[in-house]
Amino acid sequence: MACITIGTMALVIVLSVFNGFNDVIRSHFNSFDPDIKIVAAQGKYFVPDSAKLTKLAKIKGIEAISQTVEENVLLKYSDKQYIATIKGVDDNFLLVNGLDTMVTDGEYKLKDSKQSLAVVGNGIAYFLQIGLKYLNPVQVYILKRDASYSMNPMTAVNHEYIFPSGFFGVEAETDSKYMIVPISFAHNLLEDSISINALEIKLNKEIDNDQTQSEIKKVMGPDFLVKNRLEQKELFYRIMKYEKWAIFLILGFILLIASFNVVGSLAVLIIEKKKDISILYSLGADKKTISRIFQFEGLMISVLGGIIGLILGLIICWVQQKFELLKLGGSGSFIIDAYPVSIRLSDVIAIFITVLAIGFSASWYTVKFIIKQYLSEEKHTY
2 MACITIGTMA LVIVLSVFNG FNDVIRSHFN SFDPDIKIVA AQGKYFVPDS AKLTKLAKIK
62 GIEAISQTVE ENVLLKYSDK QYIATIKGVD DNFLLVNGLD TMVTDGEYKL KDSKQSLAVV
122 GNGIAYFLQI GLKYLNPVQV YILKRDASYS MNPMTAVNHE YIFPSGFFGV EAETDSKYMI
182 VPISFAHNLL EDSISINALE IKLNKEIDND QTQSEIKKVM GPDFLVKNRL EQKELFYRIM
242 KYEKWAIFLI LGFILLIASF NVVGSLAVLI IEKKKDISIL YSLGADKKTI SRIFQFEGLM
302 ISVLGGIIGL ILGLIICWVQ QKFELLKLGG SGSFIIDAYP VSIRLSDVIA IFITVLAIGF
362 SASWYTVKFI IKQYLSEEKH TY
């Protein structure tokens with residue numbers, strides 16, 4: 002029973018901590034990714050249709066719409082170079098994306114009276130060693146769309162300067178990829194004043210998001226893909242789901258090995274109770290009745306061990322949630338200080354069903370093979 006308890010408790014704790022990390026990562030992705038992102042089904046750019054934008058604005062579940070442009074560029078600051086992605090955004094961007102709340106240094110400011118400004122990801126700023134004193138601009142290079150062969154390669158490149166106004170921190174991949182700039186700056190760099198990559202939409206949380214997404218699809222038509230947050234990071238979330246199932250299977254296998262203790266315990270019990278089995282048979286008990294006794298014994302071991310393990314696991318998770326006793330190593334290096342915990346009822350149910358299945362299988366194996374063997378030695382006929 003102790004082996005079943007420990008295995009069950011480990012399943013509850015490990016899956017709850019995994020859920021906690023998953024929630025932390027989701028929250029940071031969600032803080033940067035829009036509720037809905039509309040992109041072209043074919044090609045990289047499209048020209049926004051004013052008629053469709055008007056129809057979108059009338060959909061009840063939509064709070065704000067922002068037009069964005071993304072393109073890979075070469076950044077140069079002093080003697081350092083870095084490949085990054087500029088994201089040109091309009092004035093509605095903060096209504097869709099609360100990036101101003103994630104600024105770690107400086108301020109969220111994309112324009113002043115004289116020039117365009119940029120908000121740079123922490124990873125890019127760290128690599129390029131960018132300062133915020135407005136002394137040196139960041140040089141931005143991009144290959145022209147209609148670039149042709151020339152003796153002077155610089156004729157195939159567009160080049161602009163921009164000063165950083167602040168740094169933002171979301172998560173490592175995003176921080177090392179994006180530099181936020183005004184959409185006008187991106188258009189000038191691309192020599193295209195109308196095309197965009199995406200429409201980013203903020204939804205009303207009180208409205209059914211699935212229904213709103215369906216309405217958006219009807220307005221945009223088959224030429225556009227309308228993605229919610231899960232679909233925007235589909236590969237990432239799928240990997241996270243597979244990792245969780247892998248953890249569950251590994252710990253479930255350990256629990257299965259622990260169940261051999263149940264088989265061993267029942268086998269010893271059967272040997273010790275051979276005389277009692279004979280007496281029960283003499284009193285009229287048949288094979289089915291005797292088998293049920295030992296099946297019930299095995300199930301009781303698994304059920305009680307599973308319940309105790311669930312209770313202990315939930316208590317430990319609650320204590321970690323409440324008091325954050327177990328800290329992450331490298332204080333200050335992470336966005337959280339302690340191991341996050343998120344208890345899911347579906348996980349608890351799945352764990353308990355697994356324990357029951359393993360307990361029943363162990364009991365069934367014992368009854369079917371071991372009892373039959375020892376009763377045959379006593380030459381009982383059923």
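Residue 319 in my numbering sits at position 318 of the sequence shown, and the numbers go up by one each step. C-beta: ideal position from N, C-alpha, C; glycine also. As the structure is a prediction and not an experimental result, all values here were calculated from the model.
Whole-angstrom distance between residue j and residue i, CA atom to CA atom
i	j	result
Ile-312	Pro-35	39 Å
Ile-14	Tyr-238	21 Å
Val-220	Leu-57	7 Å
Cys-318	Ala-41	45 Å
Leu-111	Gly-167	9 Å
Glu-207	Glu-216	16 Å
Ala-52	Ile-87	28 Å
Phe-435	Leu-16	In the structure as shown, the chain begins at 2 and stops at 383. Residue 435 is therefore absent and cannot be evaluated.
Ala-268	Phe-370	10 Å
Pro-138	Asp-101	21 Å
Phe-186	Gly-89	7 Å
Lys-275	Glu-298	15 Å
Phe-47	Lys-77	29 Å
Thr-382	Trp-365	At Thr-382 the pLDDT is 48, less than 50, meaning the model places this residue with poor confidence and gives no usable figure here.
Ile-63	Val-158	39 Å
Gly-360	Thr-367	11 Å
Asp-277	Ser-292	13 Å
Gly-170	Thr-55	34 Å
Phe-33	Val-104	12 Å
Gly-253	Ile-352	8 Å
Gln-130	Gln-43	38 Å
Leu-96	Met-10	44 Å
Ala-119	Ala-339	33 Å
Tyr-344	Gln-82	Per the sequence shown, residue 344 should be read as Ile rather than Tyr. Looking at the two C-alpha atoms, the distance is approximately 45 Å.
Phe-295	Leu-327	42 Å
Val-141	Gln-212	41 Å
Leu-284	Ser-303	30 Å
Lys-115	Leu-75	24 Å
Lys-288	Ile-271	14 Å
Phe-94	Ile-125	21 Å
Ser-196	Ile-308	60 Å
Sheet register partners of residue i (DSSP bridge)
i	result
Ser-177	DSSP, once it has assigned bridges, lists no residue as partnering Ser-177.
His-160	Tyr-142
Glu-82	Looking at the sequence provided, one finds Gln at residue 82 rather than Glu. DSSP lists Lys-77 as partners of Gln-82.
Glu-201	Lys-38 and Ser-67
Asp-106	Phe-168
Pro-183	Val-90
Ala-119	Pro-165
Leu-226	Val-40
Phe-47	Ile-197
Ala-339	Lys-328
Lys-289	None, per the DSSP bridge assignment.
Lys-276	Lys-276 is not bridged to any residue.
Glu-72	Ile-87
Lys-218	Paired residues: none, contrary to the question.
Cβ neighbours of residue i in the same chain (closer than 6 Å, five flanking residues each side left out)
i	result
Asp-91	Ser-67, Gln-68 and Ile-184
Ser-266	none
His-188	Ser-194
Exposure of residue i, with buried meaning 16 or more beta-carbon neighbours within 10 Å
i	result
Val-121	buried
Asp-147	exposed
Asn-198	buried
Glu-244	exposed
Met-156	With the sequence shown as reference, residue 156 is identified as Thr, and Met is not the correct amino acid for it. Thr-156 comes out exposed.
Glu-201	buried
Ala-173	exposed
Tyr-179	buried
Asp-1	Residue 1 cannot be examined here, being either before or after the span of the chain that is shown, 2 to 383.
Thr-355	buried
Val-70	buried
Pro-223	exposed
Leu-236	exposed
Residues near residue i by beta carbon distance below 7 Å, same chain, minus five either side
i	result
Cys-4	Ala-259 and Asn-262
Val-227	Ile-37, Ile-39, Gln-214, Ile-217, Lys-218 and Met-221
Phe-22	Pro-341
Leu-144	Ala-157 and Val-158
Asp-106	Leu-133, Gly-167 and Phe-168
Leu-204	Asp-36, Ile-37, Gly-62, Ile-63, Glu-64, Asn-210 and Thr-213
Leu-257	Ile-359
Cβ neighbours of residue i in the same chain (closer than 8 Å, five flanking residues each side left out)
i	result
Val-349	Val-13, Leu-311 and Leu-315
Phe-19	Glu-244, Lys-245 and Ile-248
Ile-7	Ala-259 and Gly-310
Leu-163	Per the sequence shown, the amino acid found at residue 163 is Ile instead of Leu. Closer than 8 Å at the Cβ level, and outside the excluded window around Ile-163, lie Gln-116, Ser-117, Leu-118, Ala-119, Pro-138, Val-139, Val-141, Val-182 and Phe-186.
Pro-154	none
Closer than 9 Å to chain D by CB, residue i
i	result
Leu-326	No chain D is part of this structure, which consists of one protein chain only.
Contact test: residue i Cβ vs the ligand FAD heavy atom, cutoff 8 Å
i	result
Ile-359	This structure does not include the ligand FAD; it has no bound ligands of any sort.
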